[in-house]
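Protein chains in written order, with the numbering used here: chain A, 8 to 187; chain B, 2 to 508.
For each residue, glycine too, the CB sits at the ideal point set by N, CA and C.
All values reported here derive from a predicted model rather than from experimental measurement.
Here's the structure, in structure tokens; my notes come after.
This is how it looks when you write it as structure tokens:
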């Protein structure tokens with residue numbers, strides 16, 4: 008009896024919990040055919056903008072090295088631009104996201120579970136994820152940009168150089184005028 | 002053979018290049034203001050350093066290279082080609098200081114890509130880049146589209162008789178107005194008017210997709226600059242795929258198609274000659290080649306079966322094909338999708354239209370529609386000649402604002418430039434293959450660089466070999482200037498070296 012109940016519970020478990028596979032965006036993009044229509048899980052930084060359109064909306068999630076520590080925070084060069092993907096999710100799920108990644112902020116970290124589409128027929132063939140859940144993992148924060156005194160020094164040196172060159176040029180122009 | 006340049010020649014060229022660099026410094030004030038308004042203090046310092054370096058260089062050149070002589074054709078060619086290289090080196094200062102480039106070479110690559118309206122990028126972590134840096138990226142492609150020399154002409158070369166010589170040296174052979182300074186200003190008037198109108202339409206489309214008002218405003222200006230200049234830059238790493246918007250794609254498609262047309266055609270239409278749209282050889286050429294490309298794309302997509310309905314065909318297929326043909330480089334797919342999702346036939350359809358490119362005297366690159374028209378008419382004329390009696394006189398003409406009869410000199414000039422393009426495309430592809438890249442991918446990116454398109458099949462990245470970065474920079478530069486100025490620069494360098502050798506022998 009117990010065995011039958013366990014078997015029934017297993018069979019009735021939602022597909023997402025059974026089949027969702029944690030993958031990186033880079034892996035998804037490199038193997039679109041393999042993951043097409045499959046349940047996947049990605050974890051990364053909410054980037055840019057929330058594009059809300061009624062009950063649903065778009066979110067971009069980056070799960071590259073820069074989503075852990077961006078170059079603006081002093082992260083290391085990883086050898087690529089970024090790796091991110093568009094996530095189509097219910098607006099209610101997206102509204103828990105408050106900080107989006109950019110120059111000034113490290114975005115909220117989220118875990119997205121959903122179906123990967125190699126060519127989404129609902130959205131003009133976009134390669135995207137239709138999310139069934141967006142889990143909020145960690146709040147983002149403003150990234151400090153300490154004042155760069157070294158750069159200020161370069162500015163001052165260049166200003167002195169320009170002043171010197173300017174005076175020299177003026178002197179030459181005056182001299183030429185006097186001659187003529 | 003070019004005679005050994007005198008010291009005065011070198012000085013005159015240095016003076017001209019100094020003025021071009023001052024122009025670059027002036028343009029940098031725009032991103033400086035954006036960085037100030039966005040309270041991005043770090044970025045403010047980057048641009049201050051860039052501007053001051055440009056001003057210092059200009060002053061140095063004014064002091065050391067002042068000569069009372071006007072530019073000749075040869076000087077104009079060298080100022081144009083050398084000016085672009087110097088502009089790359091100085092323009093890359095804020096890029097490199099931003100900390101988004103591992104090497105100065107990478108920053109120079111993005112600069113040359115921007116100026117030449119190519120759109121290939123090596124910037125890392127673009128999604129965390131500042132507004133100031135993004136404004137500079139897009140502004141330089143917008144300015145480069147009109148021509149760096151055009152900018153310098155507008156503000157800094159007024160009154161010099163040599164102005165026309167450097168204008169022509171930048172790959173723009175046609176004048177809209179009798180005076181070249183007025184021509185440069187007319188080009189700016191056309192571009193700025195479109196900037197206001199085009200940005201407004203993109204902004205409306207972005208608001209419809211749920212973009213916040215202020216960020217939507219900034220993105221709309223950047224997207225316009227990227228599309229109009231056929232540069233293809235976008236502020237997010239996913240390029241146009243970031244917006245998931247049919248309307249943003251439609252508006253940018255219209256903008257980059259219009260942007261790829263000849264400024265002479267724009268001016269003719271603006272001044273009331275609307276019939277020119279239907280008669281111009283470049284429009285005929287563009288319509289023919291894009292139709293052929295679409296047929297090829299359809300066959301390729303049918304074979305692959307990834308994009309199956311009309312909406313997908315339009316947004317993933319036709320959009321990227323048109324982006325390639327106009328040498329824009331805005332993309333709605335991941336770069337690797339050109340190889341994995343498009344398949345061989347559709348991928349080569351994009352390569353072929355990229356190679357052909359946009360119109361002459363426009364912001365686009367490639368062979369150009371005008372040259373394709375000349376070649377087509379020449380071949381047709383030859384066939385007609387063969388089929389006619391020996392005594393028959395067969396001649397062909399093209400219509401480009403006026404009717405132009407084809408002669409041997411014209412055809413020879415056209416063939417020379419087309420062969421130069423084919424050589425740089427082929428060399429780039431071969432170098433890629435030699436480094437172990439897939440041949441289709443290697444040729445895709447090589448043609449993209451040489452035709453100043455900017456679409457990538459995944460080869461172009463900060464990890465690509467340095468030799469390929471340098472070669473792509475050369476391809477973008479030579480392709481944009483259409484070779485003549487570049488050949489002149491090399492001849493100048495050769496003549497200088499010969500001169501030194503001769504002097505040593507004398508001693």
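Taking 7 Å as the cut-off, decide whether the C-beta atoms of residue 355 of chain B and residue 449 of chain B are in contact.
yes
Residue 464 of chain B to residue 87 of chain B span [Cα, whole Å]:
25 Å
According to a CB-to-CB cut-off of less than 8 Å, which residues of the region 56 to 67 of chain A neighbour chain B?
56, 57, 58, 59, 60, 64, 65 and 67
Residues bridged to residue 46 of chain A by DSSP?
DSSP lists A:122 as partners of residue 46 of chain A.
Taking its Cβ as the centre, do 16 or more other Cβ atoms sit within 10 Å of residue 69 of chain B, making it buried, or is it exposed?
exposed
Roughly how many angstroms lie between the CA atoms of residue 107 of chain B and residue 87 of chain A, to the nearest whole one?
12 Å
DSSP state of residue 329 of chain B, grouped into three classes?
In the structure shown, residue 329 of chain B sits in coil (DSSP, three-state: anything other than H, G, I, E or B).
Taking only beta-carbon atoms, is residue 304 of chain B less than 7 Å away from chain A?
no
Mind checking who residue 403 of chain B pairs with in its DSSP beta bridge?
Residue 403 of chain B is bridged to B:401.
Counting only the same chain and skipping the five closest in sequence on each side, list residues whose C-beta sits under 6 Å from that of residue 133 of chain A.
127
Pick from B:352, B:255, B:307 and B:52 that is closest to residue 290 of chain B, judged by C-alpha positions:
B:352
The region 16 to 31 of chain B touching the region 57 to 71 of chain B, judged by at least three CB pairs closer than 8 Å:
Short answer: they touch.
So what's residue 184 of chain A in DSSP terms, helix, strand or just coil?
Reduced to three states, the DSSP call for residue 184 of chain A is helix.
Quick check on the DSSP output: the alpha helix (DSSP H) that includes residue 32 of chain B runs from which residue to which?
Segment 30 to 38, the alpha helix (DSSP H) holding residue 32 of chain B.
Whole-angstrom distance between residue 411 of chain B and residue 204 of chain B, CA atom to CA atom
44 Å
Within 7 Å of any Cβ in chain A, is that where the Cβ of residue 323 of chain B sits?
Judged by the 7 Å Cβ criterion, residue 323 of chain B is not in contact with chain A.
Span of the alpha helix (DSSP H) around residue 335 of chain B
Per DSSP, residue 335 of chain B belongs to no alpha helix (DSSP H) and is neither H nor E.
So that I know if they touch, is there some Cβ in chain B lying closer than 7 Å to that of residue 89 of chain A?
yes
Report yes if the C-beta distance between residue 89 of chain A and residue 71 of chain A is below 7 Å; otherwise report no.
yes
Would you check if there are 3 or more beta carbon pairs closer than 8 Å linking the region 159 to 168 of chain A to the region 75 to 82 of chain A?
Remark: fewer than three beta-carbon pairs, one from each stretch, lie closer than 8 Å, so the region 159 to 168 of chain A and the region 75 to 82 of chain A are not flagged as touching.
In angstroms with no decimal places, state the Cα-to-Cα distance between residue 111 of chain A and residue 67 of chain A.
17 Å
Looking at the C-beta of residue 172 of chain A, does it have a partner C-beta in chain C at a distance below 7 Å?
Reference to chain C is not applicable here, since the protein chains of this structure are A and B.
Where residue 307 of chain B falls: helix, strand or coil (DSSP)
coil
Using a C-beta cutoff of 7 Å, does residue 147 of chain A count as contacting chain B?
no
Counting only beta-carbon atoms, is residue 155 of chain A nearer than 7 Å to chain B?
yes
Does any CB atom of chain A fall closer than 7 Å to the CB of residue 278 of chain B?
No, residue 278 of chain B lies away from the interface with chain A (no Cβ there is under 7 Å from its Cβ).
Which residues in chain B have a C-beta closer than 8 Å to the C-beta of residue 152 of chain A? List them in chain order.
41, 42 and 43
Please confirm whether residue 115 of chain B and residue 134 of chain B have their CB atoms less than 7 Å apart.
no
For residue 466 of chain B, decide whether its Cβ has a neighbour in chain A, counting only Cβ atoms nearer than 7 Å.
no
If the criterion is Cβ atoms closer than 7 Å, does the pair residue 375 of chain B and residue 415 of chain B meet it?
yes
Which partner residues of residue 498 of chain B appear in the DSSP bridge assignment?
Residue pairing of residue 498 of chain B in beta bridges, as defined by DSSP: absent, with no partner found.
My output table needs one value for residue 274 of chain B: the three-state DSSP class, helix, strand or coil.
coil
Going straight from the alpha carbon of residue 591 of chain B to that of residue 55 of chain B, what length do you get?
Coverage of chain B is limited to positions 2 through 508, which leaves residue 591 of chain B absent and any answer about it impossible.
Is residue 77 of chain A close to chain B, meaning its C-beta is less than 7 Å from at least one C-beta of that chain?
yes
With a threshold of 6 Å on Cβ separation, who are the neighbours of residue 230 of chain B within its own chain once the five nearest residues in sequence on each side are excluded?
Within its own chain, the residues whose Cβ lies closer than 6 Å to the Cβ of residue 230 of chain B, once the five positions on either side in sequence are excluded, are 118, 142, 143, 146 and 364, listed in chain order.
By Cβ distance, which residues of its chain are closer than 8 Å to residue 271 of chain B, with the 5 residues on each side in sequence left out?
191
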